[in-house]
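These protein sequence lines are chains U and B, in that order.
Numbered by numbering that gives the first Met the number 0, the letters in the first sequence go through residues 0 to 178 in order.
Numbered by numbering that gives the first Met the number 0, the letters in the second sequence go through residues 0 to 149 in order.
No residue lacks a Cβ here, since even glycine has one placed at the ideal position from N, Cα and C.
The model shown is predicted, which means the values in this text are computed figures rather than measured ones.
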Amino acid sequence: MAKQSVLIPVFVFAGIIVLLWFGFQLSDPHLLPSQKLNDPVPDFELPNLMQADQTLTAVDLTGEVSLLNVWATWCPSCIAEHGELTRIFETTGLRIIGVNYNDDSKAARAWLKRWGDPYAFHIVDESGTLAIDLGVYGAPETFVVDADGVIRYRHVGVVTQKVFEETLTPLIQNLKDAS
Amino acid sequence: MSGRWVLAVALLWCLSAPGLAAIEAQAFPDETVKARYYDLIATLRCPQCLNTNLAGSDAMIAQNLRATVLRLLIEGKSDAEVERFMFERYGDFILYEPRWTAKTWLLWLGPLGLALIGLSVWWSMSASSRKTRHGLSESDRASLKRLIDR
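Set out below in structure tokens:
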């Protein structure tokens, strides 16, 4: 009897270890769920990076299924992601819209000249207000926006070919079929 | 020589530690807004960091959100409205004090439950030890008597 009760704490301890071991693997705590899923892109009035006198609004995001990609020149992983975005545009013709986040427009234009520009246009979000309304907390982040301008998916971090093919492509196909 | 350098750098680093906290020149319209601003940025969590509030983070998003908190306060928003603004964009994560929901009740009641389990274990253990200390079974008494009598 005494021997058994000594083992109880050991079992409890082992149980906690197992629970935490699997519990901490369930989800990446760095990934916040998006609060804006299935909401329209929030209203904004911000300049176009390439045509500073042109004002872009949420209406400019409607019309077709698009990727809304938050990027910046200070973000090293954005360079890593850029090749994949270029590949996506060249192979699928998908409309990719940039949000140049907390950045210097001159540096951003030089960056695009250097690495190429697969984007349809870029929204200049110099003070990060649109990003905050979107619930963005880093770069890169990518949203799938349907033809009505409604946010259907958010990906935090680099869009790799694997992410695009396994996650985004089926979703985009569904959205295209539905509209 | 190199040991001294290491020491010097380490000491300098200690000096700079308070400087790691975010310091910005904010223009506050009055003292109440200032106090509410510091309260809010202490209770809102930086979305980029796992366990740092907005006040303690140098992440770009924390800087932007601090500026947003101040802007909302100057616009005349209440503390609750600022918190709702943040919640609508960043969800439960940004609130250091989670709301009561179907997902969070365990978080609130869990510690209480664990304390109750601990108390009941302690109670049953102390009860059983009391019993063994004072109570000898009939056969124990018999064998003890045999030993003494021998």
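Check your understanding: Beta carbon of Pro46 of chain B: closer than 6 angstroms to some heavy atom of the ligand FAD?
Key -> By its list of ligands, the structure shown contains no ligand whatsoever, and the ligand FAD lies outside what it can speak to.
Exercise for review: Would you list the one or two residues that DSSP bridges to Gly55 of chain B?
Suggested key: Per DSSP, none; premise fails for Gly55 of chain B.
Check your understanding: When you check each C-beta in the region 64-95 of chain B against every C-beta of chain U, which residues fall closer than 8 angstroms?
Key -> Among the residues of the region 64-95 of chain B, those with a Cβ less than 8 angstroms away from any Cβ of chain U are Leu64, Ala66, Thr67, Phe86, Glu87, Arg88, Tyr89, Gly90 and Phe92, in the order of the chain.
Practice item. Return no unless some Cβ of chain U is closer than 7 angstroms to the Cβ of Gly18 of chain B. Key: In this predicted model, Gly18 of chain B has a pLDDT of only 42, less than 50, meaning its place in the structure is not dependable enough to derive any value.
Point to revise | Residue range of the beta strand (DSSP E) that includes Trp70 of chain U | key: That run of the beta strand (DSSP E) goes Ser65 to Trp70.
Practice item. Check Val32 of chain B in the structure and name its three-state DSSP category. Key: DSSP, reduced to helix, strand and coil, places Val32 of chain B within a helical segment of the structure shown.
Check your understanding: In angstroms, rounded to a whole number, what distance separates the CA positions of Pro110 of chain B and Ala51 of chain U?
Key -> Here the alpha carbons of Ala51 of chain U and Pro110 of chain B stand approximately 56 angstroms from one another.
Exercise for review: Classify Val11 of chain U as buried or exposed, calling it buried when 16 or more other Cβ atoms lie within 10 Å of its own Cβ.
Suggested key: Val11 of chain U comes out exposed.
Exercise for review: Classify Ile15 of chain U as helix, strand or coil using the three-state DSSP reduction.
Suggested key: The three-state secondary structure of Ile15 of chain U, taken from DSSP, is helix.
Practice item. Starting from the C-beta of Ile122 of chain U, find all residues in its chain whose C-beta is less than 6 angstroms away, skip the five residues before and the five after it, and write them out in chain order. Key: Annotation for Ile122 of chain U: Leu45, Leu55 and Val98 place their beta carbon closer than 6 angstroms to its own, counting only its chain and skipping 5 residues before and after.
Check your understanding: His121 of chain U lies in the beta strand (DSSP E); which residues open and close that run?
Key -> Per DSSP, the unbroken beta strand (DSSP E) holding His121 of chain U starts and ends at Phe120 to Asp124.
Check your understanding: Does the beta carbon of Gly14 of chain U sit closer than 7 angstroms to a beta carbon anywhere in chain B?
Key -> Taking a beta-carbon distance threshold of 7 angstroms, Gly14 of chain U does not count as an interface residue toward chain B.
Point to revise | Residue nearest to Glu140 of chain U in terms of C-alpha spacing, selected from U:Leu84, U:Lys175 and U:Asp116 | key: It is U:Leu84 whose Cα lies nearest to the Cα of Glu140 of chain U.
Practice item. Report all residues from its chain with a CB closer than 6 angstroms to the CB of Ser65 of chain U; omit the five preceding and five following residues, and keep chain order. Key: These residues qualify, in order along the chain: Arg94, Ile96 and Val144.
Practice item. Compare the C-alpha of Met167 of chain B against each of U:Ser126, U:Val162, U:Pro32 and U:Asn173 and name the closest. Key: The shown model of chain B, from 0 to 149, leaves out residue 167 of chain B, and the question about it has no answer.
Point to revise | Assigned secondary structure, His29 of chain U (DSSP; H/G/I helix, E/B strand, else coil) | key: Here His29 of chain U carries a coil assignment [DSSP, helix/strand/coil].
Exercise for review: Give the interface partners of Ile60 of chain B over in chain U, defined as CB-CB distance under 7 angstroms, in chain order.
Suggested key: Ordered by position in chain U, the residues that pass the 7 angstroms Cβ test against Ile60 of chain B are Tyr136 and Gly137.
Point to revise | Beta-carbon spacing of Leu106 of chain B, Pro28 of chain U below 7 angstroms | key: It is not a contact, given that the beta carbons lie outside the stated cut-off.
Review point. Per DSSP, Ile131 of chain U forms a beta bridge with which residues?
Key: None; Ile131 of chain U has no bridge partner.
Check your understanding: Buried or exposed: Phe23 of chain U, going by 16 or more other Cβ atoms within 10 Å of its Cβ?
Key -> Exposed, because fewer than 16 other Cβ atoms sit within 10 Å of the Cβ of Phe23 of chain U.
Point to revise | Members of the region 94-127 of chain U near chain B, C-beta cut-off 8 angstroms | key: Across the region 94-127 of chain U, CB contacts with chain B closer than 8 angstroms involve Asn101, Ser126 and Gly127, in sequence order along the chain.
Check your understanding: Are the beta-carbon atoms of Phe84 of chain B and Leu31 of chain U separated by less than 7 angstroms?
Key -> Remark: C-beta atoms of Phe84 of chain B and Leu31 of chain U do not approach each other more closely than 7 angstroms.
**Study point:** chain B contact residues for Pro28 of chain U, given Cβ-Cβ distances below 7 angstroms
**Key:** Here the neighbours are Leu49.
Exercise for review: In angstroms with no decimal places, state the Cα-to-Cα distance between Ala16 of chain B and Gly2 of chain B.
Suggested key: Only weak support is given to the placement of Ala16 of chain B: the predicted model assigns it a pLDDT of 44, under 50, and the question is left unresolved by the model.
Review point. Candidates U:Val9, U:Ser4, U:Gly156 and U:Thr72: which alpha carbon is nearest Trp110 of chain U's?
Key: Nearest C-alpha to Trp110 of chain U among U:Val9, U:Ser4, U:Gly156 and U:Thr72: U:Thr72.
Practice item. Please confirm if Ile131 of chain U has its CB atom under 7 angstroms from at least one CB of chain B. Key: Closer than 7 angstroms to some Cβ of chain B, the Cβ of Ile131 of chain U qualifies, so yes.
Point to revise | Where the beta strand (DSSP E) containing His89 of chain B begins and where it ends | key: The question names His, but residue 89 of chain B is Tyr in the sequence shown. Element bounds for Tyr89 of chain B: not the beta strand (DSSP E) but the alpha helix (DSSP H), Asp78 to Tyr89.
Review point. Between Leu170 of chain U and chain B, is there a C-beta pair that is closer than 7 angstroms?
Key: By this cut-off, Leu170 of chain U is not an interface position.
Check your understanding: Opposite Gly97 of chain U in the DSSP bridges: which residues?
Key -> For Gly97 of chain U, the beta-bridge partners assigned by DSSP are U:Asn68 and U:His121.
Practice item. Please check if any C-beta of chain B sits within less than 7 angstroms of the C-beta of Gln34 of chain U. Key: Judged by the 7 angstroms Cβ criterion, Gln34 of chain U is in contact with chain B.
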